[in-house]
């Protein structure tokens, strides 16, 4: 009888390991920090998402590793069970389950926030626990900067794995383009260091491949000399005439600007029952003052507010955080379009904008709604600069100017999520359908690759399906090679090749 009981206990123990309780195992057998749902660190970390829909998902615990070795221990333990899990850098992806999880462990990279600069070479090692504003502050006064995003609160981990569009992309390519080497914990717990000469296929796949290949614990990157910069916002009240002028100005800037240090984001915003209906432009120049005429096409339209001035890059990153709406449900989608010729620019850009206004109009009774669309220049130079640095999965065409369009809906009530899910689909599919129609009519070039930009993608969009077939195949081959058991493919969210 005692033998039978012992056998049953052993079986129960085995089932416990197979079924998995990563949180309890780590608490009992390691010194890795693990926070339970009632702890202040758990509660605080759960607030650090851009979308309240992600905060509403409740992980079984939050794990805070401090090194690649601790991440390896966590991954090795996850291989013994069947729990779903997520990895979180800054939590700026609003897609549920991409950096959030319900009922399984959440691995927060918050404590992987090192930033070590070699001031002689500009080689910068930083961890995914950094946010852009914090990393900029750590570099303040060194004379060096990194190719980061445009909103300071953004986490570096997801930004770089998705490619990363920067104010400095025309100079240096994507954020990922400047990565020289990754410290990566593979799905089997092994720590490796992909670079251009060590596992080059994995190195390429990590540049635009998302969270499919393991957990990056260090980015070794090339930083670049930088002093003070110039930047801020222009605010315009919306009128039909202003729409025309701003859309034409962003089209012309994309094609004709020859100063790679200059960058713009052109955003239209509207809110509850049209209490807000405006244009907000983000201007940037990588230098203390832009040359005369650089942004005249925008400033001459007559903004009612202009906050652009000379400042530190760290100050600009902190200043940009006004765009983060705490407590809101957030959805983001994107499309990439060929830049229309001057002949067809009015029909194309005003047609897209009219479509957005028509769909967003139907959302204005949704409590707390803030709807926006951003037109972001994607000139040939960005693709060329990226290719000069290193290969990536985005593999953008350097012979065609494009625009990246980002669509955002923010709202208060989680019960409105399904409704707004449908509105988001209507918004980006309507743009895509119009682009395909204009291409068929010869009004837009049809020999241009138009990838979905991962950092702005809605979860229903087919990110890997819009890459070049050879790059999607590479991502799939690498994922199968490094993750043959499907740990990340089957037990984490995110786009899968």
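In mature numbering (1 follows the signal peptide of the UniProt record, and there is no 0), the protein residues as written are -20 to -1, 1 to 477.
Beta carbons are placed, not taken as given, at the ideal position from N, Cα and C, and that holds for glycine.
- Under the three-state reduction of DSSP, residue 29 is assigned to coil, being neither helix nor strand.
- By the criterion of a C-beta distance shorter than 6 Å, residue 229 is surrounded in its chain by 277 and 278, once the five residues flanking it on both sides are discounted.
- Taken in chain order, the whole alpha helix (DSSP H) runs of length 4 or more contained in the region 275 to 306 are 276 to 279 and 293 to 299.
- DSSP places residue 183 in the uninterrupted alpha helix (DSSP H) bounded by 180 to 185.
- By DSSP's assignment, residue 213 forms a beta bridge with 262.
- Ranked by how close their Cα comes to the Cα of residue 312, the residues 437, 239 and 232 have 437 in first place.
- The beta-carbon separation of residue 316 and residue 382, rounded to 6 Å, stays under the 8 Å limit for a contact.
- Excluding residues up to 5 positions away in sequence, 263 lie with their Cβ nearer than 6 Å to the Cβ of residue 275 in the same chain.
- Using a Cβ distance threshold of 8 Å, residue 202 and residue 102 count as a contacting pair.
- In the DSSP assignment, residue 387 is bridged to 313 and 353.
- Look at residue 202 here: in three-state DSSP terms it is strand.
- Using a Cβ distance threshold of 8 Å, residue 469 and residue 463 count as a contacting pair.
- The Cβ-Cβ distance between residue 308 and residue 48 does not fall below 8 Å.
- Residue 205 places its beta carbon 8 Å or farther from that of residue 154.
- Here residue 440 has 405 as same chain residues with Cβ atoms under 7 Å from its own Cβ, once five neighbours each way along the sequence are excluded.
- With a cutoff of 8 Å on beta-carbon distance, residue 349 and residue 248 are scored as not near each other.
- Between the alpha carbons of residue 448 and residue 4 lies a gap of roughly 43 Å.
- The three-state reading of DSSP puts residue 68 in strand, counting E and B together.
- Within the same chain, 230, 233, 234, 244 and 383 come within 7 Å of residue 357 by CB-CB distance, once the 5 residues on both sides are set aside.
- Ranking 100, 269, 94 and 171 by CA distance to the CA of residue 136 puts 94 first.
- Counting along the chain, the unbroken beta strand (DSSP E) around residue 96 starts and ends at 95 to 98.
- If you draw a straight line from the Cα of residue 284 to the Cα of residue 451, it comes to about 45 Å.
- Within a 10 Å sphere around the beta-carbon of residue 11 sit fewer than 16 other beta-carbons, which makes this residue exposed.
- Note on residue 18: under 16 other CB atoms within 10 angstroms of its CB, so exposed under the neighbour-count rule.
- The bridge partners DSSP lists for residue 41 are 85.
- Beyond the five residues adjoining it in sequence on each side, residue 79 comes within less than 6 Å, by CB distance, of 66, 68, 71 and 73 in the same chain, given in chain order.
- Residues of the same chain with a CB within less than 7 Å of the CB of residue 329, apart from the 5 flanking positions on each side, are 227, 231 and 320 in chain order.
- Boundaries of the alpha helix (DSSP H) harbouring residue 408: 397 to 420, taken from the DSSP string.
- Restricting attention to 376, 428 and 54, the CA atom closest to the CA of residue 165 is found in 54.
- Judged by DSSP secondary structure, residue 106 falls within the beta strand (DSSP E) whose first and last residues are 103 to 106.
- Annotation for residue 253: 344 place their beta carbon closer than 6 Å to its own, counting only its chain and skipping 5 residues before and after.
- In this model, residue 174 and residue 258 are separated by some 45 Å (Cα to Cα).
- Judged by DSSP in its simplified three-state form, residue 163 adopts strand.
- A Cβ-Cβ separation of about 17 Å leaves residue 269 out of contact with residue 238 under the 8 Å criterion.
- Bounds of the alpha helix (DSSP H) holding residue 7 are 2 to 9.
- Apart from sequence neighbours up to five positions away, the residues of its chain that approach residue 200 with a beta-carbon distance below 6 Å are 105, 160 and 161, ordered along the chain.
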